[in-house]
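Following: one structure in structure tokens, then a few remarks.
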Amino acid sequence: MTRNKASAKKAGTAFETLIAAYLAAHVDDRIERRTKAGNKDRGDISGLRHMGQRIVVEAKNTTRIDLAGWAEESDIERGNDDAGVSVIAHKRHGKGRPEDQWITMTLGEFVALMNGNRDHLEDR
1 MTRNKASAKK
11 AGTAFETLIA
21 AYLAAHVDDR
31 IERRTKAGNK
41 DRGDISGLRH
51 MGQRIVVEAK
61 NTTRIDLAGW
71 AEESDIERGN
81 DDAGVSVIAH
91 KRHGKGRPED
101 QWITMTLGEF
111 VALMNGNRDH
121 LEDR
């Protein structure tokens, strides 16, 4: 069965809710799914922090992987949120449990997460 716009939106919302609920249960109960903010989108999940910095989570439930596009989108949202790090949570097809889903980030984002700052990254 192919997706239409409504079914894709429903699947995306369900995936965002799944990821947010899992993070809230296992990391911090203040984590929640964020409502859309148009061209100033700040990511799909709010309340996630590490070493004092906010982490933007961009959630994707699609059959076609577009890591480069998603990374660019999540970086824009990180900037909109004035967050320290952005990550992409994406659907691992054939796996329904939240803990089995993928998290992707650039090496620069990973170092920012580990260090608690973006000092090593060039201004882009």
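For the sequence shown, the numbering used here assigns the number 1 to the initial residue and increments by one for each residue that follows. Think of the CB as a built atom: it goes at the ideal place given N, C-alpha and C, for glycine as much as any other residue.
Using the three-state DSSP reduction, which class does residue i fall into: helix, strand or coil?
{"i": "K95", "result": "coil"}
{"i": "E126", "result": "It is not possible to answer for residue 126, since the shown part of the chain is limited to 1 through 124."}
{"i": "T13", "result": "helix"}
To which residues of the same chain is residue i closer than 7 Å at the C-beta, ignoring the five residues directly before and after it?
{"i": "G47", "result": "D28, R30, I31 and E32"}
{"i": "M114", "result": "none"}
By Cβ distance, which residues of its chain are closer than 8 Å to residue i, with the 5 residues on each side in sequence left out?
{"i": "A11", "result": "R3 and N61"}
{"i": "L67", "result": "I88 and T104"}
{"i": "D100", "result": "R92"}
For residue i, which residues of its own chain have a beta-carbon under 6 Å away from its beta-carbon, when the five flanking residues on both sides are left out?
{"i": "R97", "result": "none"}
Between residue i and chain C, is any beta-carbon pair separated by less than 8 Å?
{"i": "I31", "result": "Judged by its chain identifiers, the structure shown contains no chain C, having just a single protein chain."}
Every unbroken alpha helix (DSSP H) inside the segment 30–118 [4 residues or more]
Counting whole runs of 4 or more residues, the segment 30–118 contains the alpha helix (DSSP H) stretches 67–81 and 107–115.
Pair every Cβ in the segment 51–58 with every Cβ in the segment 74–87, then say whether three or more of these pairs are closer than 8 Å.
These segments touch.
Spell out a yes or no on whether the segment 67–80 and the segment 25–45 are touching, meaning 3 or more CB-CB pairs, one atom from each, closer than 8 Å.
The segment 67–80, when compared against the segment 25–45, does touch it at the 8 Å Cβ threshold.
Would you call the segment 59–66 and the segment 6–21 in contact, with 3 or more CB pairs under 8 Å?
In the pairwise beta carbon analysis, the segment 59–66 is classified as touching the segment 6–21: at least three pairs are separated by under 8 Å.
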